[in-house]
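A.B. asks: Each residue of the sequence shown is one higher than the one before, starting from 15 at the first, in the working numbering.
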Amino acid sequence: LSCVNSICFQWTNQPQIWQLFLERHFPVLDILFAETQLHLGSRPPPCISLEALSPKALFRHYATRNNVCVIDCGSGYCKYGFSRDGVPSGSTIFLEYGDTQHVVEDPACVEALQRMFALAFVRLGGQIQGMPFMVVEPLHYVSSNTEDTAKRHVSRDLVASLLFKLTDTPRICFVSQALCALYSIRRTTGIIVNLGFNKTSIVPVVDGKILRNFVISNRLGAGTISLILSRFIAAREHQWNMSDVRKIKENLCFIRLDPNDQEVPPPVPFSFETDNGPMVVHLQEELYVSPEVLFVPERFGIAESGLGEILRTCLRGLATAVPDRFDLLSTIVLCGGTSKLTGLVARVKHELNGVLTPVKHPTLGTTFDIPMNILVPPMAESPWHGANMIASMRNFESDWTISRAQYGQFGPLFLNMMFE
15 LSCVNSICFQ WTNQPQIWQL FLERHFPVLD ILFAETQLHL GSRPPPCISL EALSPKALFR
75 HYATRNNVCV IDCGSGYCKY GFSRDGVPSG STIFLEYGDT QHVVEDPACV EALQRMFALA
135 FVRLGGQIQG MPFMVVEPLH YVSSNTEDTA KRHVSRDLVA SLLFKLTDTP RICFVSQALC
195 ALYSIRRTTG IIVNLGFNKT SIVPVVDGKI LRNFVISNRL GAGTISLILS RFIAAREHQW
255 NMSDVRKIKE NLCFIRLDPN DQEVPPPVPF SFETDNGPMV VHLQEELYVS PEVLFVPERF
315 GIAESGLGEI LRTCLRGLAT AVPDRFDLLS TIVLCGGTSK LTGLVARVKH ELNGVLTPVK
375 HPTLGTTFDI PMNILVPPMA ESPWHGANMI ASMRNFESDW TISRAQYGQF GPLFLNMMFE
């Protein structure tokens, strides 16, 4: 009892302890943002009373919120788990779903997708019984052209039919990976730069709606950096494996501000295991040359447009189409594991220097430069965090999901109208 009294006394007299507790266990700002700003498609945000937004009401809702099974499908990995968890429970490699060159209707792809879902369900155990599902869609068929739209619809219908077939889930929700990443930093407007495993996508979003006419992508990503890096270190007479390559890429690689800089940084030691015991090698040029494939792919014999080029193309198009949306033009969000590379933010800002011409203020009449804010979500799994925010909403099941009965009655047409 004396111990409890002591703790209560400390909490009462040190508000920062309460603040730390609330920030870690009760994300009130995320909940307020989701409840007041997020909506599906063209539906307006729900009208919620001030009483329902009180701290007490929000805490009560957050403590009793529904648990949702989340499947986050990227361009190389599929992560799965539950919305009440801060991070995914597990992941599996699944290149077929995110591969833009793969035909969705291919029986082999359908079989691979079914195996992947079955593996995830076995690992998740019996907890998924009767639980709603949320599928975070990969950025593989995002643009508005006829071919991408058709494949996007077929892919969504295939996933919905498999989930209703393999589980007893009563409801399913589909949300784009780009929207989830944007929501994770509590914004509904911005340009998402998703650096995936084998694809980089530029996805502009205005008020929670993807501007599909301006989506641009290339086939460069984390896997491409690993490939170039492995070529460099293969020349060394040591026993390397892809795990070593991945550690080097994630922990030691960096991006230079100026690719033409002649200054050579000092070597960096890297320790790894061999059959003869631990060894230490010193890495130098490969650490900053390999990531250059994202910006100058032709230097490595890859016929793709670099990240700076596709970003500039997207920004120029948006500046012409929606010149008054300064919040869109000035907000660039980098997401994906590769977004954590040292020097990436500075390099992107350098690549975009001068791409937007000064604009005239509509009321003041003065001319000013549009500030360029390049943001990287602090959390490692930003789409997962955004998906959890949606799944925690009061109206998630009623407004964000399609029921088994609705899918059986209205079919793929209603499914794609709802989540397009």
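Just so you know, even glycine gets a beta-carbon here, dropped at the ideal spot from N, CA and C.
1. In whole angstroms, give me the CA-to-CA distance for K363 and G357.
2. Could you give the distance in angstroms between the alpha-carbon of S344 and the alpha-carbon of L301?
3. State the CB to CB distance for the pair I262 and L243, rounded to an integer number of angstroms; the pair is presumed to be in contact (CB under 8 Å).
4. According to the Cβ coordinates, are H167 and P337 closer than 8 Å?
5. For C92, which of helix, strand or coil comes out of DSSP?
6. What's the gap between the Cα of V303 and the Cα of N255?
7. Nearest CA to the CA of Q276: which residue from S285, E299, F131, G291?
8. Sort L43, V310, L54 by Cα distance to M431 and report the nearest one.
9. Does the Cβ of Q141 have 16 or more other Cβ atoms within 10 Å, making it buried, or fewer, making it exposed?
10. Hey, could you find the ends of the alpha helix (DSSP H) C187 is sitting in?
11. Got a sec, what are the start and stop residues for the alpha helix (DSSP H) D341 sits in?
12. Since G322 is in the alpha helix (DSSP H), which residue starts that stretch and which ends it?
13. If you count every other CB in all the chains shown that lies within 10 Å of the CB of M148, and 16 or more means buried, which is it?
14. Which of helix, strand or coil does DSSP assign to F211?
15. Drop a sphere of 10 angstroms on the beta-carbon of F382, count the other beta-carbons inside from all chains shown, and report buried for 16 or more, exposed for fewer.
16. Could you tell me whether the stretch 395 to 408 touches the stretch 93 to 102, using the rule of 3 or more Cβ pairs below 8 Å?
17. Within 10 angstroms of its Cβ, does L325 collect 16 or more other Cβ (buried), or is it exposed?
18. How about G400 and Y197: do their beta carbons lie closer than 8 Å?
19. When you compare only the Cα positions, how much space is there between C187 and C87?
20. Let me know the secondary structure DSSP gives I269 once reduced to three states.
21. Using only CA atoms, which one of L176, R270, D162, M407 lies nearest to E365?
22. Return the first residue and the last residue of the beta strand (DSSP E) that P283 is part of.
23. Got a sec, what are the start and stop residues for the alpha helix (DSSP H) D44 sits in?
24. First and last residue of the alpha helix (DSSP H) that includes F73?
25. Considering Cα atoms alone, identify which of Q191, H75, E65, S319 is closest to I224.
26. For S257, count the other beta carbons within 10 Å of its own beta carbon; 16 or more makes it buried, fewer makes it exposed. Which is it?
27. On a CA-only basis, which of R185, N208, F433 is nearest A195? Give me that one, please.
28. Does DSSP put G400 in a helix, in a strand, or in coil?
29. So, D221 versus T202, is the Cβ gap smaller than 8 Å?
30. Report all residues from its chain with a CB closer than 7 Å to the CB of D182; omit the five preceding and five following residues, and keep chain order.
31. If you draw a straight line from the C-alpha of P391 to the C-alpha of F178, how long is it?
32. Between F424, A419, S406, which has its C-alpha nearest F47's C-alpha?
33. Quick one: what's got a C-beta closer than 8 Å to Q420's C-beta in the same chain, skipping five residues either side?
34. Suppose you measure from the CA of V82 to the CA of V282; what does that come to, to the nearest Å?
35. Identify every residue that forms a DSSP beta bridge with K263.
36. Quick one: what does DSSP say P146 is sitting in, helix, strand or coil?
C.D. replies: Checking against the coordinates, here is how it stands:
1. So the alpha carbons of these two residues sit roughly 10 Å apart.
2. Spanning the two alpha carbons is a distance of roughly 30 Å.
3. 6 Å
4. no
5. strand
6. When the Cα atoms are used, V303 and N255 turn out to be separated by approximately 20 Å.
7. E299
8. Cα-wise, what sits closest to M431 is L54.
9. exposed
10. Where C187 is concerned, there is no enclosing alpha helix (DSSP H), although the beta strand (DSSP E) it sits in stretches over 185 to 190.
11. 340 to 343
12. Where G322 is concerned, the enclosing alpha helix (DSSP H) starts and stops at 321 to 335.
13. buried
14. coil
15. exposed
16. yes
17. buried
18. yes
19. 13 Å
20. coil
21. With respect to the C-alpha of E365, the residue from L176, R270, D162, M407 having the closest C-alpha is R270.
22. Here the beta strand (DSSP E) through P283 covers 282 to 288.
23. 42 to 51
24. 69 to 77
25. Q191
26. exposed
27. N208
28. helix
29. A distance below 8 Å separates the beta carbons of D221 and T202.
30. Q143, G144
31. 33 Å
32. S406
33. F428
34. 44 Å
35. K263 is not bridged by DSSP to any residue.
36. coil
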